[in-house]
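To start, the structure itself, in structure tokens.
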Amino acid sequence: MESILKVSGLTGGYSPRRPVLHDITFEVKAGEMIGLIGLNGAGKSTTIKHLLGLMKPQTGEVRIDGVTLEEETERYRSAFAYVPETPVLFDELTVEEHLRLTGMAYSVKDANYEERVEELLKQFQMVPKRKAFASHLSKGMKQKVMIMNALLAEPPLYIIDEPFLGLDPLGIRSLLERLVEVKEKGAAILMSSHILSTVEAYCDRFIVMHHGRIVAIGTLEDVRRAAGMEMRGGSLEDAFYKLVTGGNA
Amino acid sequence: MDNDRTLGALWHRRGKAFREETFPYFRYMGQSGFPAFMSLFVISSAIGYIGLIRNMPADFPFAAVGIIALTLVLCWSPLRTWLAAGDTVFLMPREAEMNGYLRLSFRYTTIGCSVLAAIVFLLYLPIYSQGPALNGAWMLAAVAAGLKAANVWGAWKERQMSWPGMRRLLRALRWALTALTLAAWLTSVLWHAAVFTLLLGVLYMMLYRLPSKHRFPWERLIDEEARTRKRYYAFFGLFIDVPTLPSSIAKRSYLTWLLRMIRYTNRHTFVFLYSASLMRTEMGGIIVRLLFLGCLITYWFAEAVSLSGYGSVISFAVFMGLIAVQLGGLRHVHRYSVWKHVYPLPEKQRIDQSLKVDRFAMLLCTALLWLFAALPLALSGVYMPSIVAAALAAVYLMIRPGRLRKKLALEEEED
């Protein structure tokens with residue numbers, strides 16, 4: 001399968017003397033959903049910032065759709081949509097206007113635009129709020145707007161940071177259904193989350209980060225093996241605890 | 001008593017903290033050309049004022065000027081409480097003791113805006129006394145003081161109201177009733193005006209009794225305080241980089257059609273975003289108010305053909321300058337937005353499109369201001385000042401994009 005995101009030997013952080021990330025290497029292929037998990041401060045958000053191009057790698061490189069940010073900025077950026085952990089919306093735009101802005105930025109074709117917007121608004125129960133300003137929405141609704149924007153763009157790669165925070169049960173279900181749908185159509189998804197049961201149920205592979213390093217990567221079997229649990233089975237949560245506490249949990 | 005003292009001390013500490021926080025920005029403002037510009041504005045206004053007092057035209061709109069000037073300063077009743085979002089957790093349990101805290105806020109803000117009202121009143125008196133002056137100056141002063149007190153009381157009652165719609169309605173009514181009362185005292189004899197005021201006063205008291213109210217309007221006061229802070233920072237932002245505060249948004253439905261006219265294409269992404277920001281943020285509000293005031297004052301100068309018509313050119317230039325300075329803030333609006341880096345659009349496109357919005361807005365405001373100078377002057381058969389104003393505006397509009405582009409490039413490098 002074609003690799004949409006390829007991170008090789010990434011070391012980076014806020015200061016060259018004290019890198020937060022150490023030699024991170026992984027890839028996300030088309031039609032694959034990867035769960036990025038780790039404790040608070042493990043380096044998940046810093047990794048995502050490097051993928052977005054908000055931070056520059058000290059060593060190593062990030063390739064999206066085969067190019068680095070420096071090589072082809074527009075191709076790199078148009079290949080992914082991002083859902084941040086905390087919704088970042090424009091207070092001066094309504095829900096509909098956010099979708100319009102995303103449609104314009106990602107060149108969503110005029111012919112499909114209306115239909116897709118209606119579908120997303122319905123699916124995320126946001127039809128009554130379509131004219132509401134971002135500043136008047138609850139946190140969960142803001143998160144829904146972020147997710148709807150990402151889904152409207154239909155890029156080859158979705159980078160999703162803690163998408164379930166503040167979402168109501170219907171919103172969580174709609175999001176997961178849509179993620180499965182876009183994955184089946186061939187999109188790649190990198191999703192960071194602390195809800196390990198959901199990550200286990202929906203993701204194909206997992207990246208476990210601890211103190212800025214990848215301590216396990218691969219399928220559930222691979223993660224269990226890295227945790228020394230290959231013989232006795234167990235959930236992702238069990239393996240994760242073992243990996244981050246050294247078996248002292 | 002101890003608690004009262006503690007809350008009082010908290011009020012003073014917060015006031016001091018705000019002054020200390022804003023002091024450096026006042027210094028930056030002092031170092032810019034703004035004080036010189038304001039001094040020039042005050043001096044030229046003073047010369048114009050003295051000239052007007054000495055040669056008052058017989059047809060001067062004595063009452064209209066008094067009604068507008070006094071209504072503005074008598075109705076404006078802000079309240080600095082220094083309250084912040086966290087206070088609903090930390091101070092709310094002590095709501096019963098908040099009277100002393102609020103009393104300090106009332107004293108602080110009412111003194112400030114009463115002094116402003118007194119200055120405007122004293123400036124208006126020489127104009128008033130050259131008109132019909134149906135009532136004595138002392139009587140007028142007493143009425144103004146009474147109206148100020150009623151407005152401070154009314155503004156507090158509005159803050160207590162539970163429904164925003166009702167609050168806005170009663171605020172509009174308070175301004176209208178104040179203007180009507182002033183009109184009565186400036187155009188009628190004492191007993192007519194007194195009876196009219198009494199009737200309006202009774203109506204006013206009855207209306208304010210009706211709606212449902214909060215005992216202590218926490219959310220309203222916190223919101224008002226946040227807005228005031230934002231205004232300070234929006235002002236300081238004209239001179240130096242300031243911390244980004246969440247922006248206040250107004251729907252301004254009457255401008256939404258402009259947004260709908262922007263074509264749905266990738267090339268207009270930032271035109272759409274910057275236009276929405278301009279229309280709906282505090283900046284747009286200030287520009288709309290400046291434009292309205294500018295059109296009004298320019299029209300007055302043009303209609304009176306003051307200084308052979310060049311009075312309106314000065315007013316046109318001053319308001320165009322003020323609008324230009326405000327509009328300059330647009331380039332900072334999304335300066336630190338994460339989407340600037342995430343959207344698949346070249347940086348140059350963002351700069352070009354923000355300049356496009358700036359150019360369109362500046363052109364629209366300038367054209368409107370110019371019409372309010374040129375039309376009344378043309379009706380009086382005076383054309384030269386309008387041509388001079390148009391030429392000045394054209395030169396400025398031509399050099400502005402280049403200057404803004406340089407500033408933007410410099411700021412991008414700094415970032």
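Each protein sequence line maps, in turn, to chains S and P.
Using the UniProt record's numbering, the letters of the first sequence correspond one by one to residues 1 to 249.
Using the UniProt record's numbering, the letters of the second sequence correspond one by one to residues 1 to 415.
C-beta: ideal position from N, C-alpha, C; glycine also.
Check	Outcome
Cutoff 7 Å: residue 65 of chain S Cβ touching any chain P Cβ	no
Where the beta strand (DSSP E) containing residue 80 of chain S begins and where it ends	80-83
Integer Cβ distance of residue 106 of chain S from residue 344 of chain P, believed to fall under 8 Å	7 Å
Residue environment, residue 27 of chain P, which counts as buried when at least 16 other CB atoms sit within 10 Å	exposed
Rounded C-alpha distance that separates residue 150 of chain S from residue 82 of chain S	6 Å
Chain-ordered neighbours of residue 361 of chain P on chain S, where CB pairs are closer than 8 Å	In chain order: nothing, as chain S lies at least about 15 Å away.
Chain P contact for residue 82 of chain S (CB, 7 Å cutoff)	yes
Separation of residue 155 of chain P from residue 136 of chain P, as counted between CA atoms	28 Å
Per-residue contacts from residue 276 of chain P into chain S (C-beta, under 8 Å)	90, 92, 93 and 97
Any chain P beta carbon closer than 7 Å to residue 161 of chain S	no
Outcome for residue 101 of chain S when other beta-carbon atoms lying within 10 angstroms are tallied against a minimum of 16	buried
Interface residues of chain P facing residue 107 of chain S [CB-CB closer than 7 Å]	266
Residue(s) in a DSSP beta bridge with residue 158 of chain S	S/81 and S/189
Residue 269 of chain P vs residue 104 of chain S beta-carbon contact at 7 Å	yes
Interface partners of residue 286 of chain P on chain S, CB under 9 Å	Within chain S, no residue comes near residue 286 of chain P; the closest Cβ sits about 15 Å away, beyond 9 Å.
Residue range of the alpha helix (DSSP H) that includes residue 110 of chain S	110-123
Limits of the alpha helix (DSSP H) - the one that residue 145 of chain S falls within	139-153
Continuous alpha helix (DSSP H) assignments of at least 4 residues falling wholly in the segment 237-299 of chain P	253-260 and 269-280
Local conformation of residue 266 of chain S per DSSP, three classes	Because residue 266 of chain S is not part of the residues shown, which for chain S are 1 to 249, the question remains open.
Burial state of residue 18 of chain S (16 or more Cβ within 10 Å)	exposed
Residue 146 of chain S at chain P interface by Cβ criterion, 7 Å	no
Delimiting residues of the alpha helix (DSSP H) encompassing residue 224 of chain S	220-226
Chain P contact for residue 224 of chain S (CB, 7 Å cutoff)	no
4 or more residues per run - each alpha helix (DSSP H) lying fully within the segment 153-193 of chain P	164-187
Contact check, residue 408 of chain P vs residue 351 of chain P, beta carbons under 7 Å	yes
For residue 64 of chain S, the first and last residue of its enclosing beta strand (DSSP E)	59-64
Segment contact flag, the segment 158-166 of chain P with the segment 212-221 of chain P, C-beta cutoff 8 Å, min 3 pairs	yes
Span of the alpha helix (DSSP H), counted from its first residue to its last, around residue 320 of chain P	310-328
Neighbour list for residue 55 of chain S in chain P, Cβ cutoff strictly below 7 Å	Per Cβ cutoff of 7 Å: no residues; residue 55 of chain S is ~10 Å from chain P at best.
Under 7 Å between C-beta atoms of residue 75 of chain S and residue 65 of chain S	yes
Own chain partners of residue 9 of chain S with C-beta closer than 8 Å, once the 5 adjacent residues on each side are dropped	23, 24, 25, 59, 60 and 61
N- and C-terminal bounds of the alpha helix (DSSP H) containing residue 351 of chain P	347-379
Three-way DSSP call (helix, strand, coil) for residue 67 of chain S in this model	strand
Residues near residue 20 of chain S in its chain [Cβ-Cβ closer than 8 Å; skip 5 each side]	12, 13, 14, 43, 46 and 212
DSSP-derived helix/strand/coil call for residue 58 of chain P	coil
With 16 other Cβ atoms within 10 Å as the buried cut-off, status of residue 358 of chain P	buried
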